[in-house]
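Numbering (my numbering), first residue to last: -13 to 179.
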């Protein structure tokens, strides 16, 4: 395991309710990545866009290569459970095939959403909660939940994510800016442990 390497997995909600916040989301994400690149150690990024579809933008790439742009646009419903479940399984499988010396010492999974689950067909709350628990207990993955227009602590709790890692944000320009600053601080704190 490479203790100098952190992988940050970002699950980005692009459902229709994010309309009007595209520019702020793109700017906030890119600023977050830029700040992560300035921290000590190597950073890799996996980023997944989700609505009622699932699109992997980057899968374990060097953070400096991850720059969000026109690929972020809003549409569809919120299939949060399916997106989180698929991402955990896909990244877990990739890391299982990765040599020990190239595996990240820390994996931090960030979920951002501005609405309630309303479109998943493959994963249930219980199934995803078990999957998250497995990754936390066996592989020491850290999970952060960022939610707007929902009770973030309750939603995180239903997924097995500790309330201390659940953050509420407003679905506004300033709220998005604050969310990315909060997630930067939370990720930096985990990386320093």
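Don't be surprised by glycine CBs; every beta carbon is placed ideally from N, CA and C.
It should be emphasised that the depicted structure is a prediction, and the values quoted were computed from it without experimental measurement.
One question on the structure: do residue i and residue j come within less than 7 Å of each other, judged by their Cβ atoms?
i           : j           : result
residue -3  : residue 107 : no
residue -5  : residue 95  : yes
residue 138 : residue 154 : yes
residue 58  : residue 12  : yes
residue -1  : residue 99  : yes
residue 136 : residue 10  : no
residue 146 : residue 120 : no
residue 46  : residue 166 : no
residue 22  : residue 29  : yes
residue 152 : residue 142 : yes
residue 91  : residue -9  : yes
residue 27  : residue 64  : no
residue 71  : residue 43  : no
residue 123 : residue 176 : no
residue 132 : residue 75  : no
residue 4   : residue 77  : no
Residue i by DSSP, collapsed to three states: which one?
i           : result
residue -12 : strand
residue 68  : helix
residue 162 : helix
residue -1  : strand
residue 55  : coil
residue 109 : coil
Under 6 Å from any heavy atom of the ligand SAM, does the C-beta of residue i make it?
i           : result
residue -11 : By its list of ligands, the structure shown contains no ligand whatsoever, and the ligand SAM lies outside what it can speak to.
Should residue i be labelled buried (16 or more other beta-carbon atoms within 10 Å of its own) or exposed?
i           : result
residue 6   : exposed
residue 34  : buried
residue 68  : buried
residue 112 : exposed
residue 1   : buried
residue 55  : exposed
residue 230 : Nothing about residue 230 can be reported from this structure: the residues present for the chain run from -13 to 179 only.
residue 85  : exposed
residue 150 : exposed
residue 52  : buried
residue 178 : exposed
Look up residue i in the DSSP assignment and give the residues it is bridged to.
i           : result
residue 44  : 33
residue 95  : -5, 129
residue 152 : 131
residue 28  : -9
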